[in-house]
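Below: the structure, in structure tokens.
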Amino acid sequence: MRDTWDSHVHLESSLRLRAATDTDDALNETVRLRKVLQTFLEEEIRAGAREIDVRINPLTWWRRGVAWPELRDALREHVAEASSIGVTMRVWLTVKRDASRSQVSGVLRLASDRGDLALAGFDISSSYSIEDAMSIPAARPPLSGMRWFAEELRRESLALAIHCGAYDPPRDIATALESLGAVRIGHALPLARSDRLIRLVADSGAIVEVSPSAACRQGVPLDSHPIRVWLDAGVRVAAGSDHPLALGTDLRSEVEIIRRLVAAAS
Ligand SMILES: [Zn+2]
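Take the sequence shown: its position 184, counted from the start at 1, is 183 in numbering that gives the first Met the number 0, and no numbers get skipped.
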């Protein structure tokens, strides 16, 4: 596991967006986006990140009045700025599993209008309030219903990542790998329940993005996080800070927690 790689972090993390809104209500939304991107990048670098896989929800910005061309151009500039100081920033667009098909199709269309922005791929997640420890994700259709989406991504040569949290059924992990061809599994907490699935993930070579603080928020106590079992089975893991502001964490803290978990279990 590389301690300079934040494999799973959300840009908007509502607190960051709220802070930018509270401090200067008069900013137009494109300027606010750029401010959020700037502080995000600074925070990640302070936390030791040299490689960042950032998740961005284009619908969040569209609803705030930032159209895709503005979002795309701001992202491209920040990817270039990061690169100029030796930091690799990969952009993943998120779609919600509980969104309507027309919304998902709309986000997918952005991929063909990505211009010079080197998109890594798309991430399927669920609507969920990270700030509320009691929140559970919205009801959502079976993951197998996203097969059409996975096929479209393949045509665009874009990768697919899936969020599988504590509330998701174990079969979602099998569906993600076997039916949708996902190469990243966020959290992967249902993996704790099945040796067969652990072997499936290890054999697939997919990367499991581990965020112990987020898992804890979903009811998995730190000392029972199964990462050591996954590593012993040959699962590829990478640390992710997920929602650093809402969770009061950052990449450095998550890496430290993971190292402690692995050491304690040996
Ligand atoms: Zn996440």
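For every residue, glycine included, the Cβ atom is placed at its ideal position computed from N, Cα and C. Remember, predicted model here, so these are calculated numbers, not experimental data.
Is it the case that the Cβ atoms of residue i and residue j are separated by a distance below 8 Å?
| i | j | result |
| --- | --- | --- |
| residue 61 | residue 32 | no |
| residue 207 | residue 170 | no |
| residue 240 | residue 35 | no |
| residue 43 | residue 87 | no |
| residue 67 | residue 109 | yes |
| residue 260 | residue 211 | yes |
| residue 172 | residue 209 | no |
| residue 238 | residue 219 | no |
| residue 142 | residue 174 | yes |
| residue 214 | residue 246 | no |
For residue i, write down the residues that DSSP places opposite it in a beta bridge.
| i | result |
| --- | --- |
| residue 250 | DSSP lists no partner for residue 250. |
| residue 95 | 124 |
| residue 183 | 160, 206 |
| residue 272 | Given that the chain is displayed from residue 0 to residue 265, the structure contains no residue 272 and the question cannot be resolved. |
| residue 88 | 51 |
| residue 4 | 50 |
| residue 112 | DSSP output for residue 112 lists no bridge partner at all. |
| residue 118 | 90 |
| residue 236 | 207 |
Assuming residue i and residue j are in contact, meaning their beta carbons sit under 8 Å apart, how far apart are those beta carbons, in whole angstroms?
| i | j | result |
| --- | --- | --- |
| residue 123 | residue 96 | 5 Å |
| residue 71 | residue 114 | 6 Å |
Open item on the list: Measuring CB atoms only, is the stretch 109-121 touching the stretch 89-100, in the sense that at least three cross pairs come out at less than 8 Å?
Closed with: yes
Open item on the list: I want to know whether the stretch 224-233 touches the stretch 190-203 - three or more CB-CB distances under 8 Å.
Closed with: yes
- [ ] Specify whether the stretch 144-158 and the stretch 192-203 touch according to this definition: at least 3 beta carbon pairs, one from each stretch, less than 8 Å apart.
- [x] no
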